[in-house]
Each structure stands twice: as structure tokens, then as C-alpha cells.
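This report refers to the structure that appears directly beneath it.
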Amino acid sequence: MSEQLSLAKPALPSQRKGGPLLEVEGLTKHFPLRDGFLFKRQVGAVQAVDGVDFTIHEGEALGLVGESGCGKSTTGRLVTRLLEPTAGQILYQGHNITHTDRKHLAPIRSQIQMIFQDPYASLNPRQTVGTIITGPMEINHIQPPGGHEKRVRELLETVGLNPEHYNRFPHEFSGGQRQRIGIARALGMQPKLIIADEPVSALDVSIQAQVVNLLQKLQHELGIAFLFIAHDLAIVRHFSHRVAVMYLGKIMEIGNRTDIYETPRHPYTHALLSAAPEANPDDEQERIRLAGDVPSPINPPTGCRFRTRCWKAQQKCTTEEPPLLQIAGNNTGHLTACHYPQDPTTAARDEDVVLDPALAALEQNAQESAEESAEESAEGSAEEQ
Amino acid sequence: MTTLTKPEQPSGRRDGAPFLSVRDLSVQFATEDGIVKAVDGLSFDVERGRTLGIVGESGSGKSVTNLAVLGLHNPRNTAITGEIVLNGHELTGAPQRTLEKLRGNTMAMIFQDSLSALSPYYTVGRQIAEPFRKHTGASRKAARERAVEMLRRVGIPQPELRVDDYPHQFSGGMRQRAMIALALVCDPQLLIADEPTTALDVTVQAQILDLLKQLQQETGTAIIFITHDLGVVARICDDVLVMYAGRCVERGTVRDILTTPRHPYAWGLLSSVPRRKAPVDAPLRPIPGTPPSLLKPPTGCPFHPRCEFREYVGDTRCQDERPMLTLDSGRGAACHLPAEQQKSIFAEQIRPLLGRS
Amino acid sequence: MLRFLVRRVLGAIVILLLISAVTYFLFFALPADPAALSCGKNCNPQTLALIRKNLGLDEPVPVQYWQYMIGIFLGRNMTIGHCSAPCFGYSFASQQPVWSTLMNRYPTTVTLAAMGALIFLVIGVGLGLISAARQGTAFDKIASAVSLTGQSVQIYFIGPLAIYLFADTLGWLSRGHDPDWTHDPVGSITGMILPAMVMSVIFWSNYSRQTRSLMVEQLSEDHVRTARAKGMTSRYVFMRYALRGAMGPIITIFGMDLSSVFGGAIITEYTFGLHGLGQLAVSAVTQTDLPLEMGVMLFGAAAIVIANIIVDACYAVIDPRIRLS
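Okay, structure coming up:
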């Protein structure tokens with residue numbers, strides 16, 4: 001397996017800016033489930049993240065996309081060491097930080113910052129904006145020239161807030177402005193890597209674009225690397241140089257954004273792209289409708305985790321887990337974990353894939369009745385003649 | 001021979017009166033801070049077999065409108081004026097008993113969050129059977145059979161067993177299906193879906209949208225689909241109403257709104273969402289500012305404080321004069337910009353950002 | 001469900017054992033010596049040692065505790081005679097077996113607590129429900145004023161007042177007497193009405209306020225709105241959906257209040273001169289009567305623990321999410 005994985009390393013997509021900043025290998029997080037009659041014992045585990053490998057280079061934005069329960073947020077929390085990994089390793093600038101203790105982690109922690117989804121819950125309502133942004137700087141002994149207040153005012157300006165609002169409280173700001181405060185707090189640490197966990201999904205559509213543009217500006221101007229976690233495929237494409245598609249704790253496919261969005265190979269990537277609606281009435285795409293929801297990560301399917309919802313699954317998918325590697329015909333760095341990959345196109349096909357039984361039945365009925373009425377009208381016109 | 005049967009066909013109704021007709025609807029809430037003008041002079045029609053999408057951001061009044069149609073607002077602090085005519089019956093000011101007979105029967109609603117919208121204390125089957133028993137007078141047994149049938153129709157596996165499960169035993173997608181079964185159990189002629197797929201995963205959302213569309217083809221139900229997602233609108237709606245600050249700012253068919261929108265707010269909605277086929281290097285074009293407070297909505301055009309095209313109109317007309325929505329065969333925008341200018345601005349400044357040929 | 005109950009019962013046993021041990025060992029931490037007390041003023045060391053031996057105080061404390069616990073389950077031979085299981089020993093003060101004293105006294109306390117709880121649940125929850133249904137009306141405001149007044153009074157203040165008004169002046173109710181369920185069931189109830197009413201007053205307001213706010217919260221829940229969107233009548237929605245949701249928290253609050261209910265019953269007993277466990281507990285403490293103190297303590301703790309298990313079981317019956325997870 002290690003041999004196949006090594007294929008991933010020499011590949012250098014064009015957008016790559018610098019050397020590897022963060023390398024994650026075999027990253028795993030199992031949350032134990034305890035139950036028992038009198039004494040609790042471990043009866044299983046939520047396999048939230050199960051052997052994930054990826055690399056983020058300096059100044060690069062890696063998108064992590066997937067549905068609920070795929071482990072994308074857990075991955076983000078593992079990388080920032082908010083959660084303790086069960087297995088695998090995390091290398092930051094070549095240092096192994098997988099299990100580093102708090103004290104030794106401190107200098108690195110300030111370089112890896114996180115932006116959270118909920119702009120309402122992630123700011124202390126009893127602190128002023130100034131305190132919120134200064135706090136982490138003080139803890140990490142960051143002494144900006146000109147003092148903290150000056151720096152905070154600069155940061156507020158950078159994120160598009162009025163520097164005069166230094167003494168206001170979070171509740172005086174709208175959702176989008178609070179998210180900007182969260183971004184200013186992260187920037188105060190002069191991070192090299194920002195983990196953005198669904199940074200815009202709680203915001204209104206018109207505000208989302210403001211925040212995405214701000215993050216993109218910071219990325220370009222300050223050269224900060226991003227791990228951009230989101231469920232929205234279009235936003236991930238817009239923001240990320242490379243994209244990893246996760247499903248039930250595993251990476252199904254990873255590659256640069258054209259690989260993933262234009263020539264995807266994994267059936268799940270195809271299904272995701274097909275499901276995401278575009279605001280275009282003329283959008284011509286293959287139509288894939290899966291059946292049911294994502295299975296529970298407590299007892300994930302054997303072999304390939306996607307096989308229970310996959311239309312191409314065969315016996316091999318049950319017994320053998322497909323390794324993440326470069327399939328023939330893929331660009332370098334475009335890795336897919338699939339035994340029976342799809343053709344590299346998302347264009348509409350002759351036949352839709354409809355796995356949902358109720359939907360298939362309804363469509364069958366509709367088609368039959370359409371055919372019947374067509375026959376009837378044909379008969380009618382024949383009679384008239 | 002065939003011409004004789006034609007007038008009896010239900011499709012003839014398409015030409016007649018709309019199934020739901022809302023005229024000059026206003027909804028105001030009394031709050032501690034003052035009066036919130038949640039909906040202000042809204043008019044629209046919905047025809048049988050068609051889907052009207054109501055699009056807007058939070059606080060635009062899209063949900064409030066539909067709660068008013070169902071009569072689900074709190075009468076203690078809400079004032080509703082205007083006309084809501086459902087199939088010839090006037091609903092504004094109708095007694096609760098009349099509304100109770102219509103709700104769940106002629107008109108039904110699907111809510112966004114199926115976990116909180118279904119009672120945790122009763123089985124899914126019971127919650128589906130309840131309105132059926134009330135509105136049709138069916139026996140307990142018949143209602144249960146109906147619930148099983150509905151669950152099967154919406155694609156719940158093993159419906160005979162799952163009918164006795166509680167909502168928390170269902171997955172998110174299945175619960176939303178159960179919610180649809182609950183709404184459709186009495187074959188309503190009007191279905192109001194309030195962000196029914198927003199809480200779902202994208203692959204499940206696609207299933208549910210297609211399912212709703214197919215069920216509509218079978219039953220000919222009129223649907224009002226409330227959403228903030230223009231992609232979802234493209235999938236399911238025939239007509240679209242864009243709401244901003246409690247007012248309708250633009251109306252038209254789904255093609256009109258998505259391919260040749262006229263109102264600057266509609267442009268903003270389209271160009272602030274990234275698109276999978278748009279160029280990646282161009283930044284998004286967000287709408288500046290934040291949505292207005294409905295306690296004190298802006299004068300004139302409610303969108304004018306955020307509008308980047310005010311100077312094309314000149315003077316202070318946008319601040320002073322409320323633009324009227326005049327419809328030409330169901331199409332129109334409430335904007336002071338001359339029609340020609342709307343066209344040229346969209347073609348030159350907005351369309352290139354959307355990545356369409 | 002069964003598993004849940006068994007687990008709760010086993011947990012309860014552990015709690016009772018802990019309570020008994022803590023009470024027992026705390027007793028010996030007190031400066032007072034029960035043997036010296038019972039020996040009186042003209043006490044010589046020999047008599048004191050004899051009394052110690054008779055009372056079983058000569059053994060090390062852990063051994064005494066062990067023998068005490070064995071006695072509860074198997075009975076034990078004591079200097080005074082054989083004490084059969086459940087043996088809680090003999091009172092130092094009265095030389096009476098603790099168990100039979102408890103058996104004599106508990107009906108008063110339990111009847112008072114149960115009737116009081118019944119009354120405040122009916123009145124408090126009832127007021128809360130009507131207030132929730134008629135938010136903002138005159139009834140809502142008066143009900144909240146009345147129950148607030150109820151909360152701010154004290155049992156020993158309104159007790160005598162109620163006796164004077166309802167028993168002595170109007171003659172509607174009896175002044176209150178100990179129940180005798182075997183011989184006079186009707187009198188047992190009527191004799192307890194006045195004390196139970198007085199005791200319930202302090203609990204009304206809490207329950208009416210909690211019920212009101214829980215119902216207001218439930219009425220704005222999404223699933224209640226769904227029920228209304230289905231065309232169910234407002235009364236049906238109120239009773240079947242909103243109340244169903246409010247019941248769980250009300251029961252939880254009741255479970256947490258149980259010890260205050262017993263506390264209230266004890267004060268009420270004193271106020272009305274009834275012979276319940278309250279009086280017994282006070283005399284046991286003042287006379288450093290270890291066996292009696294242990295008996296009352298364990299009895300009270302057991303009552304509260306059992307009542308809590310019943311409350312939890314009710315909660316599981318009401319809420320399928322707990323029952324089926």
C-alpha cells in the first residue's frame with residue numbers, strides 16, 4: 001500500500017506555490033462508543049476519519065468537500081490538534097506534531113489558525129472586539145510594533161470593518177461582520193495555515209460572497225495556506241487550488257480543481273457533482289440520483305465505503321478496499337480510490353442513473369402513461385382518418 | 001369525437017382562475033421594538049400543476065407570507081391585510097374552523113427541519129394518519145394503511161415496519177420523505193414547501209427534489225417552493241418571485257429570472273454565488289451592505305441603500321419613490337431603471353461573471 | 001426499558017449504602033456521647049462501660065456499622081433481645097425497636113406528602129395550562145400574582161391562620177389529625193386535607209410558572225406548528241402536542257423537588273401537631289439517638305430514591321427518544 005501511496009508525492013500540480021507545509025499521513029480518529037449493563041465498556045467506534053493522507057503546500061488552498069458524517073470537520077480539528085488523533089501522523093514544516101504536548105505545540109499552534117462555522121457561537125459575547133482579537137496575541141506573546149491596539153485597528157481595517165469599532169461587543173455586529181471578526185482574530189497570529197470549517201455556510205447568500213472574497217484576498221496577498229472545509233461544491237471550487245472529496249472518513253478522490261470538477265473518476269464525485277444544482281436552466285449534466293442517506297460511520301461498509309450506494313459496485317468492492325492512486329489517464333496528482341472508475345466527463349449521458357426506488361417507480365409510471373397517451377392519440381388520429 | 005371530451009379534462013382549469021391568488025398582502029408584527037413590516041403589498045398567483053419559487057434571503061418575508069396563507073401566524077401580535085383567495089374562498093379574516101378544514105386537506109406544508117417539525121412523541125405513522133382521519137373521517141385502520149401507502153410512495157423501505165417508528169429513528173433524508181408523505185396524505189391541491197431541502201445533504205436533496213417533481217406530475221398539485229438557493233429554483237420551479245424586504249422585486253418564469261434578470265437585487269443574487277462553470281480567477285460580486293431592518297425599512301426602493309446602479313436613475317428618485325411592479329404577461333421588475341438599461345447593464349456587467357456562453 | 005430499571009435500582013442501592021455509611025460515621029464525629037447522656041449525672045466509669053456495652057458502642061465503629069447493616073438484612077441478637085430483620089436496632093432513648101416506631105409514624109408523613117403533591121400538581125399545573133392558553137389576559141396576570149403570593153408565605157405562618165379560618169371559625173375542615181388507613185380511610189383523607197393544602201401553597205407558584213413557560217415554549221415549537229398545519233384543532237394541538245412536550249420537564253422538576261416535598265411535610269407536621277417522621281427526626285437528632293436517626297434517614301432516603309426511579313420511568317414512558325435509544 002505504501003508503494004502505491006508514494007505515487008502521490010512526486011506529483012506537483014501547477015498551482016503549487018512552495019514546499020510542503022502540512023503533511024498528513026494515515027490520519028485516523030475513532031470516537032469510542034461505550035455501553036454496558038453495569039460497567040461501561042467500548043462496544044464500537046465512530047470511525048469519523050479513517051486513514052486520510054494529504055499535503056498542503058505553502059500558500060496553497062486545499063478544499064475538503066463531502067456530505068455530513070464524511071469526517072471533513074473532524075479532519076480540520078485533528079490538524080489543529082483540537083482533537084487527539086487515534087493514529088497516523090501530522091507533519092508541520094517537517095516537524096511531527098501528531099502528539100506534541102501543549103507546551104511544545106504552542107509556537108506551532110499560533111501558525112495554524114481556525115475559522116469556525118458559527119459566527120454567533122465562536123465569539124465570547126462578554127468581550128469587546130478589541131479583547132477578542134488581542135487575547136490570542138497576548139497568550140502567544142506576540143508583540144506587534146506600535147502595540148496591540150494599533151495592530152487590532154489595522155486588522156479590523158484589513159477584514160473590512162471600521163477600526164473605530166474596537167470597543168464594541170459581538171452582538172452589535174451582523175453575522176457576516178462577526179465572521180470578519182473571527183478572521184481578524186486568526187490573522188492576528190500571523191498564521192501560515194488557516195483551517196476554515198464551513199466559514200460561510202451560516203451566512204446569507206449575499207454575505208457569503210463578501211466573506212469568500214475577503215478570504216481569497218488574504219490568501220493571495222498574504223500567501224496563507226488554507227484547508228477550506230465546506231459542503232458546497234461550487235464554493236470549494238471557487239476557493240481551492242486542489243480538492244479532496246471525502247466520504248465516510250476516507251478520501252475518495254483528490255486532485256486539482258479541474259481534475260475533480262471536469263474529469264472526475266470516482267462514482268461518488270460524479271454523484272455529488274450531478275446532485276449539486278446550478279442556477280442555470282440550460283445546465284446539461286449527467287443525472288445520477290443515489291438511493292438513501294449516507295450510512296452510519298459506526299459500522300461503515302467493508303471494502304469500498306461507497307459501494308452500498310454505488311451503481312458500479314461489484315463483488316470486489318465488498319472485499320477489497322480500493323487504494324487511493326493515480327488511475328491510467330489521470331493527470332499527475334489526481335488520485336482516485338475506485339476499482340471501477342467512471343469516464344472522465346460530467347456531460348449528460350443517454351441513460352440516467354436513478355437508484356432511488358420510489359423515484360424510479362414514479363418515473364417509470366410517468367413514462368408508461370406518456371407512452372400510452374401517445375399510443376392513444378395515434379389510434380385516435382388513425383380512427384379519424 | 002376527441003374534441004368533445006376536451007372541455008371535461010382538468011387541464012382546462014389552467015386557463016381559468018388561479019388556484020391561489022394573493023393580492024396586496026401585508027403582514028405586520030407588533031414587537032417590543034416597534035412594528036415589523038414583514039410583508040408589504042405582495043401579490044401573486046399560483047396555478048394548478050405549476051411551481052412558484054419564492055426566493056429571498058432571511059428576513060425577506062418569504063416564510064411569513066406562506067404562514068399567512070395557511071393562517072398559522074400568531075393572531076395576538078400579527079395584523080394581516082389584503083386578500084388571500086384559495087380556490088374561490090377568501091382566507092383573510094376567515095374563522096379558524098374554516099382554516100382548520102382547509103389546512104392539511106386542500107393546502108399542506110412541508111417544513112425545513114424535519115427533526116423539529118415532527119413531534120418526537122408520536123410514531124411517524126400516527127402523525128401521517130392523523131390529518132387523514134380528521135379530514136376524511138377514515139377509521140384508525142384505514143388511516144394506518146393510508147400512512148403505509150404514503151410512506152411507500154415516498155420511498156421509505158419496509159413501510160409496514162417503519163410506520164411504527166418514531167422520527168428520531170429515521171435518518172434525515174427519510175424524515176424529510178415522511179414529512180412529504182404527511183403533507184400529501186390528503187392529496188392537497190396546494191403544497192407549500194418551506195426550504196424543504198436546505199438541511200439535507202446534496203445527494204439527498206437531489207433525490208427529494210426529483211421526488212417532489214414526479215409526485216406533482218402525478219397529482220397536479222400547485223406548489224409554492226420557498227428557498228434561498230437559485231440552483232434549487234432552476235431544478236424545480238416554473239415561475240419565480242424574488243422577494244426583498246417584504247416586497248416582490250421581480251417576477252417571471254424561471255428562465256426569465258435566471259437568464260435575463262432585470263432587478264439589481266436579482267443580479268446580485270446570481271453573481272454572488274460561485275458557479276461550477278464560471279471562471280475561477282474572477283472574484284465573486286457580492287451585494288454590498290446588509291439586509292435592512294424591517295422595523296424601519298428604507299424609503300422608496302427598499303434595495304436602494306445597497307444598489308450599485310442608483311446613479312443610472314439619477315436624482316434621489318430611488319430614495320423617494322417606491323418603484324411599482326408592473327407585470328407584462330407575468331414578467332416584471334420593481335426598479336426605476338429603464339428597461340433598455342436593465343438589459344444592457346446585465347449583458348455587459350453581470351452576464352460575463354456567470355460563465356455562460 | 002427493563003435494563004434501564006434494573007440499572008437504576010442497582011444504582012439506588014449503592015446510593016442508600018453510601019448515605020447509611022456517611023450518616024453512621026458522621027454521628028461518631030459528633031462531640032456528644034450517647035452513653036454519657038443516658039448515664040446521667042451520677043455516672044461512674046463502670047456504669048458507663050456497661051451502658052456502652054449494652055448499646056453496642058464498645059466495638060470499633062466499622063464493626064458496629066457492619067453489624068448494623070447485617071441486622072437490616074438478617075436480624076441480630078442484641079442485649080435487649082433478638083431483633084428480627086429488618087432490624088434497625090433499638091432507640092437509645094425509648095428502648096423501642098426503631099422499625100416499629102417508623103412503621104407507626106410513616107403513614108402521616110407519606111399521606112401528607114402525597115396529598116400535598118397531588119394538590120399542588122393539580123393546582124399549579126392547571127393554573128399554568130390555563131395561563132398559557134390565555135396569555136396576556138386578566139386571568140393570566142391574576143394567576144401569576146396569586147401564586148407568587150403563595151410562594152412568599154411560610155407554612156408556619158399560614159398553617160395557624162388556616163386552622164383558625166377553615167377549622168375553628170368556618171368549621172369546613174378538620175384541624176388535621178394522624179391518618180388511620182386500616183380503621184378509618186375516609187377520616188384519614190379528610191383529616192389531612194387542611195395540612196396538605198397548606199403545604200401545597202408554597203409549591204403552586206413554581207409549578208404554575210414553570211408549566212406556563214414550558215407550554216409557551218412548546219407552543220412555538222416547530223412540531224406544534226406542523227400539527228396546526230395539518231388542520232388539527234387548537235385544543236387538540238394544545239393537549240396532545242404542546243402538553244405532551246411540557247410533561248417531561250414538569251416531571252423532572254417534580255423529581256428534583258421530592259426532597260423539598262418531604263421537608264415541607266415535616267414542617268407542616270410540626271405546625272399541625274401531627275405525629276409523623278418529622279417529629280421523630282428532630283427528637284432523634286436532639287437526643288443523639290443513633291439508631292432512630294439512622295432509621296429515619298434511611299427511610300426518607302429510600303422514599304426519595306424510589307420516587308425518583310418512578311419519575312425516571314415515567315419520563316421514559318413519555319419520551320420515546322429515551323425509551324428507544
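Residue numbers (UniProt numbering), protein chains in the order written: chain A, 1 to 385; chain B, 1 to 357; chain C, 1 to 325.
For each residue, glycine too, the CB sits at the ideal point set by N, CA and C.
Taking only beta-carbon positions, decide if B:Met109 is within less than 8 Å of chain C.
Taking the first residue of the second sequence as 1, we reach residue 109 of chain B at position 109. Yes, its Cβ sits closer than 8 Å to a Cβ of chain C.
Cβ contact check for the segment 194-211 of chain B and the segment 105-116 of chain B: 3 or more pairs under 8 Å:
yes
Should the segment 306-325 of chain A be called in touch with the segment 334-344 of chain A, which here means at least 3 C-beta pairs below 8 Å?
yes
Whole-angstrom distance between A:Thr319 and B:Leu354, CA atom to CA atom
Numbered from 1 along the second sequence, position 354 holds the residue referred to as residue 354 of chain B. Numbered from 1 along the first sequence, position 319 holds the residue referred to as residue 319 of chain A. Going from the Cα of B:Leu354 to the Cα of A:Thr319 covers about 45 Å.
For B:Thr3, does the three-state DSSP call read helix, strand or coil?
Reading the second sequence from its first residue, position 3 is the one you call residue 3 of chain B. With a pLDDT of only 37 at B:Thr3, under the threshold of 50, the placement of this residue in the model should not be trusted; the figure read from the coordinates follows. Note: B:Thr3 maps to helix in three-state DSSP.
Residues near B:Gly173 in its chain [Cβ-Cβ closer than 8 Å; skip 5 each side]
On the second sequence, position 173 is the one that residue 173 of chain B refers to. Around B:Gly173: Leu200, Asp201, Val204, Gln207, Ile208.
At the level of alpha carbons, what is the spacing between A:Ala61 and B:Met107?
Working through the first sequence from its first residue, we reach residue 61 of chain A at position 61. Working through the second sequence from its first residue, we reach residue 107 of chain B at position 107. Their backbone Cα atoms lie some 48 Å apart in a straight line.
3 or more residues per run - each beta strand (DSSP E) lying fully within the segment 220-302 of chain C
none
Quick check on C:Leu74: buried or exposed, where buried means 16 or more other Cβ atoms within 10 Å of its Cβ?
Residue mapping note: residue 74 of chain C aligns to position 74 of the third sequence, counting from 1. Burial call: exposed.
Between the CA atoms of C:Ala302 and C:Met294 - distance to the nearest angstrom
Residue mapping note: residue 294 of chain C aligns to position 294 of the third sequence, counting from 1. Residue mapping note: residue 302 of chain C aligns to position 302 of the third sequence, counting from 1. Distance between the alpha carbons of C:Met294 and C:Ala302 is about 12 Å.
In or out: A:Ser274 buried (at least 16 other Cβ within 10 Å) or exposed?
On the first sequence, residue 274 of chain A is found 274 positions in, with the first residue counted as 1. Buried.
Of the residues that make up the segment 154-175 of chain B, which ones have a beta carbon closer than 8 Å to any beta carbon in chain C?
Tyr166, His168, Gln169
Distance between C:Arg76 and C:Val261 (C-alpha atoms, nearest Å)
Along the third sequence, read from residue 1 onward, the residue named residue 261 of chain C stands at position 261. Along the third sequence, read from residue 1 onward, the residue named residue 76 of chain C stands at position 76. Distance between the alpha carbons of C:Val261 and C:Arg76 is about 34 Å.
Check the DSSP bridge columns for B:His89 and list the partner residues they point to.
What you label residue 89 of chain B is simply residue 89 of the second sequence in a count that begins at 1. Partner(s): B:Leu86.
Looking at A:Leu156 and A:Tyr92, is the spacing between their C-beta atoms short of 8 Å?
The count along the first sequence starts at 1 and reaches residue 92 of chain A at position 92. The count along the first sequence starts at 1 and reaches residue 156 of chain A at position 156. Not a contact, by the Cβ cut-off of 8 Å.
Whose C-beta lies closer than 6 Å to the C-beta of C:Gly255 among residues of the same chain, with five residues either side of it excluded?
As a working mapping, residue 255 of chain C is identified with position 255 in the third sequence. Result list for C:Gly255: Asn308, Val311, in chain order.
Output the distance between the C-alpha atoms of C:Thr252 and C:Tyr315, rounded to the nearest integer angstrom.
Numbered from its first residue, the third sequence carries residue 252 of chain C at position 252. Numbered from its first residue, the third sequence carries residue 315 of chain C at position 315. So the alpha carbons of these two residues sit roughly 8 Å apart.
Would a check of beta-carbon distances place C:Tyr315 closer than 8 Å to chain B?
In the third sequence, the residue the question calls residue 315 of chain C occupies position 315. No - not a single Cβ of chain B is within 8 Å of the one on C:Tyr315.
Identify whether C:Asp33 lies in helix, strand or coil by the three-state DSSP scheme.
To locate residue 33 of chain C, count along the third sequence from 1; it is residue 33. In the structure shown, C:Asp33 sits in coil (DSSP, three-state: anything other than H, G, I, E or B).
For B:Leu269, the residue or residues it bridges with in DSSP
Translated into the one-based positions of the second sequence, residue 269 of chain B becomes position 269. Looking at the DSSP assignment, B:Leu269 forms no beta bridge with any residue, so it has no partner.
To the nearest angstrom, how far is the alpha carbon of C:Leu292 from that of B:Leu161?
As a first step, residue 292 of chain C must be located in the third sequence, where it is residue number 292. As a first step, residue 161 of chain B must be located in the second sequence, where it is residue number 161. The alpha-carbon atoms of C:Leu292 and B:Leu161 are separated by roughly 57 Å.
Apply the 10 Å Cβ neighbour rule to C:Asp184 and answer buried if 16 or more other Cβ atoms are within range, or exposed otherwise.
Taking the first residue of the third sequence as position 1, residue 184 of chain C is located at position 184. With fewer than 16 other Cβ atoms within 10 Å, it is exposed.
If I'm right that A:Leu248 touches A:Val294 with Cβ under 8 Å, what's the distance once you round it to whole angstroms?
Start at 1 with the first residue of the first sequence, and residue 248 of chain A comes out as number 248. Start at 1 with the first residue of the first sequence, and residue 294 of chain A comes out as number 294. With 8 Å as the limit, A:Leu248 and A:Val294 qualify as a contact, their Cβ atoms being about 7 Å apart.
Please report whether the beta-carbon of B:Gly104 lies at a distance below 8 Å from any beta-carbon of chain C.
Residue mapping note: residue 104 of chain B aligns to position 104 of the second sequence, counting from 1. Yes, B:Gly104 counts as interfacial toward chain C.
Sorry if obvious, but does the Cβ on A:Leu359 come closer than 7 Å to a heavy atom of the ligand ADP?
With respect to the ligand ADP, the structure shown offers nothing to examine, as it has no ligands at all.
B:Gly332: buried (16+ other C-beta within 10 angstroms of its C-beta) or exposed?
Your numbering for residue 332 of chain B matches position 332 in the second sequence. It is buried - the Cβ of B:Gly332 has at least 16 other Cβ atoms within 10 Å.
Simplified DSSP assignment, three categories, for A:Glu320:
Taking the first sequence and counting its residues from 1, one reaches residue 320 of chain A at position 320. In the structure shown, A:Glu320 sits in coil (DSSP, three-state: anything other than H, G, I, E or B).
Nearest-angstrom beta carbon gap, A:Glu149 and A:Ser89 [assumed within contact, 8 Å]:
On the first sequence, residue 89 of chain A is found 89 positions in, with the first residue counted as 1. On the first sequence, residue 149 of chain A is found 149 positions in, with the first residue counted as 1. Per the sequence shown, residue 89 of chain A should be read as Gln rather than Ser. Not quite, the Cβ-Cβ distance comes to about 40 Å (not below 8 Å), so this is no contact.
Do A:Thr258 and A:Thr345 count as a contact pair if the criterion is CB distance below 8 Å?
Against the first sequence, residue 345 of chain A aligns to sequence position 345. Against the first sequence, residue 258 of chain A aligns to sequence position 258. No, they are not a contact pair.
Look at the Cβ atom of B:Leu258, then the Cβ atom of A:Asn280, and state whether they are nearer than 8 Å.
Taking the second sequence and counting its residues from 1, the one referred to as residue 258 of chain B is at position 258. Taking the first sequence and counting its residues from 1, the one referred to as residue 280 of chain A is at position 280. Yes, the Cβ-Cβ distance between B:Leu258 and A:Asn280 is below 8 Å.
Contiguous beta strand (DSSP E) assignments of at least 3 residues, all confined to the segment 172-198 of chain A
193-197
Neighbour list for B:His135 in chain C, Cβ cutoff strictly below 7 Å:
In the second sequence, the residue the question calls residue 135 of chain B occupies position 135. Simply Gly231.
Kindly list the residues whose CB is nearer than 6 Å to the CB of A:Gly51, restricted to its own chain and excluding five residues on each side of it in sequence; keep chain order.
Sequence index remark: in the first sequence, residue 51 of chain A carries index 51 (1-based). The residues are Gly26, Thr28.
Could you check whether the Cβ of A:Arg289 sits closer than 8 Å to any Cβ belonging to chain B?
Taking the first residue of the first sequence as position 1, residue 289 of chain A is located at position 289. Chain B contact via Cβ: present.
Cβ neighbour criterion (16 or more within 10 Å) applied to C:Val22
Translated into positions along the third sequence, residue 22 of chain C becomes position 22. By the neighbour-count rule (16 or more Cβ atoms within 10 Å), C:Val22 is not buried but exposed.
Tell me whether the segment 44-62 of chain B and the segment 242-259 of chain B touch, counting them as touching only if at least three CB pairs, one residue from each stretch, are closer than 8 Å.
yes
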